[in-house]
Amino acid sequence: MNTKVSTSLPYLALTGAVLLWAGSFIAMRIAVAVIPPGLVVWLRMAITLLILLPFYRIFISPGFQTRDLYYLLPMVLLQPCLYFLCESTALTLTTASQAGIISSIVPILVALGAMLFLKEPMGPRQWLALALSVAGVVGLTLGGNENSAGSAANPMLGNTLEFLAMVMAAGNFILIKHLSGRYSTWSLTAYQILAGFFFFLPAAAGLPALPVEVWTGPVMVSVLFLGIFVTFGGFGLYNYGQRNVPAARASLFINLIPVVTAFLGWMILAETLSPVQIISGVVVISAVRIGSNPRLKPKPAAA
Numbered sequence: 205m206n207t208k209v210s211t212s213l214p215y216l217a218l219t220g221a222v223l224l225w226a227g228s229f230i231a232m233r234i235a236v237a238v239i240p241p242g243l244v245v246w247l248r249m250a251i252t253l254l255i256l257l258p259f260y261r262i263f264i265s266p267g268f269q270t271r272d273l274y275y276l277l278p279m280v281l282l283q284p285c286l287y288f289l290c291e292s293t294a295l296t297l298t299t300a301s302q303a304g305i306i307s308s309i310v311p312i313l314v315a316l317g318a319m320l321f322l323k324e325p326m327g328p329r330q331w332l333a334l335a336l337s338v339a340g341v342v343g344l345t346l347g348g349n350e351n352s353a354g355s356a357a358n359p360m361l362g363n364t365l366e367f368l369a370m371v372m373a374a375g376n377f378i379l380i381k382h383l384s385g386r387y388s389t390w391s392l393t394a395y396q397i398l399a400g401f402f403f404f405l406p407a408a409a410g411l412p413a414l415p416v417e418v419w420t421g422p423v424m425v426s427v428l429f430l431g432i433f434v435t436f437g438g439f440g441l442y443n444y445g446q447r448n449v450p451a452a453r454a455s456l457f458i459n460l461i462p463v464v465t466a467f468l469g470w471m472i473l474a475e476t477l478s479p480v481q482i483i484s485g486v487v488v489i490s491a492v493r494i495g496s497n498p499r500l501k502p503k504p505a506a507a
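Using my numbering, you'd call the opening residue of the sequence shown number 205 and step up by one each time.
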C-alpha cells in the first residue's frame, strides 16, 4: 500500500501544480486589469520570497558544486525570468488561441531534450500520448475562439515570442531534471523565485504610483493567490513531481492547463464550452493518462 502511494505521489503533485497554474489565468485576468503585468509578476515573486525567507537554509544546498553554476544560472534565467517576459509580451501581440496552440509543443520539446541530453527512452505509447495531447489542445483552443481571427496586433512577432517562451520552459524543465539528483525540490524552487524577484525588480518602481482604489478585495485576493499558491505551490509541486518521474511524462501535464482553465472559466466566469472543446478536453486527459500511467515500468535491458 505504501509503495502504491509513493508511486502515485509525484503524479498527484503534478496534477496539483496544473490546477494551481490553471487558476492563475483567472487571477491574472483580475490583477492585470488594474496593475501592470510586470509589477504583478514582481509582487508574486516578492510574496513567495517572504514565505521562503524563514526557511533560509534551503538557499544553501549541501550538494552545491561550482560547476553547477553552468546549469543553475541558465535554469533561473530561462524560467521565470525570460519565460514570463516573452510570454507576457506575446499575449499582447497575438491571440489567445494561437498562443494556446504554440504552448502545446512544450511536451514535445521536453521529450526531445530528454532523449538527447538525459538519455530518457521514449516508447510508442509516449509518442502517441504526445500526439493526442497536442491535437487536443489545438481543438480546445480553436473550438473556443472562432471569432478571434484578425484581433492580433502583430501575430508574427507574438507567435515568435510565444514559441521562444516555450523553448525556454522546455530548457528549464530539462535543467531542473538534470540538477534534481543533487538539489532538493525546494532549493531549486527558491533559486527560481530569488532570480525572478531581482529580474522584475525594476517594475516595482511603479508600485507607489498605484492609487489606493486599485487595491480592492478581489485584486488583493488575486495577488495573494498568485504569490502564495501559484508561484510558491505551483513551482514547488511541479519540481517535486518532475524530480521523481521522467521529464517527458511530467511535461505531458502541462497540456492539462488549458483544459482546467476552460473548465474553471465555465464554472467561475460563466464562460461557454463548445462541444469541440469538451471532446478536446477529454482527448487531452486521455493522452495524459496514456503517457503517464505510474504502473508502467520499463522493460529490463537485454543482456
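Heads up, the beta-carbon is just placed ideally off N, CA and C, and yes, glycines get one too.
One Cα belongs to Leu379, the other to Leu277, and the distance between them is close to 10 Å. By the neighbour-count definition (other C-beta atoms within 10 Å, threshold 16), Tyr274 is an exposed residue.
Short of 7 Å from the beta carbon of Val238, and not among the five residues preceding or following it, lie these beta carbons of its own chain, in chain order: Val418 and Val423. Put simply, the backbone Cα of Leu477 is about 24 Å away from that of Ser426.
In this structure the region 454-462 lies against the region 220-234, because at least three pairs of beta carbons, one per stretch, are closer than 8 Å.
Secondary structure at Val423: helix, using DSSP grouped into helix, strand and coil. Of the residues Val236, Pro479 and Pro359, the one whose Cα lies closest to the Cα of Leu430 is Val236.
Counted as a single uninterrupted DSSP element, the alpha helix (DSSP H) harbouring Tyr395 occupies residues Thr389 to Phe403. When Cβ pairs closer than 8 Å are counted between the two stretches, the region 444-459 is seen to touch the region 291-311, the count reaching three or more.
A Cβ-Cβ separation of about 28 Å leaves Asn443 out of contact with Thr364 under the 8 Å criterion. Contact annotation: Val480 and Gly343 have beta-carbon atoms nearer than 8 Å. If you draw a 10 Å sphere on the C-beta of Lys381, you find 16 or more other C-beta atoms in it, and that means buried. Taking 8 Å as the cut-off, the beta carbon of Asn358 is found no closer than this to the beta carbon of Tyr287. Counting along the chain, Val371 sits inside the alpha helix (DSSP H) bounded by residues Pro359 to Leu383. With distances taken between CA atoms, Ser490 lies nearest to Gln330 out of Leu281, Gln330 and Ala231. At a Cβ-Cβ threshold of 8 Å, Tyr215 and Gly495 do not count as neighbours.
About 6 Å separates the Cβ atoms of Gln283 and Met372, confirming a contact at the 8 Å cut-off. Rounded to the nearest angstrom, the Cβ distance from Ala226 to Thr465 is 4 Å, consistent with a contact under 8 Å. Distances from the alpha-carbon of Leu218 to those of Arg447, Arg248, Thr293 and Ile230 put Arg447 closest.
Within the same chain, Ala356, Pro359, Gly362, Asn363 and Glu366 come within 7 Å of Thr298 by CB-CB distance, once the 5 residues on both sides are set aside.
Contact between Gly400 and Pro240 is ruled out by a C-beta separation of about 16 Å, above the 8 Å threshold.
For Cys290, the enclosing alpha helix (DSSP H) begins and ends at Tyr287 to Ala294. For secondary structure counted as the beta strand (DSSP E) over 3 or more consecutive residues, the region 247-330 holds no complete run.
Taking C-beta atoms as the reference points, Trp470 and Ile262 fail to come closer than 8 Å.
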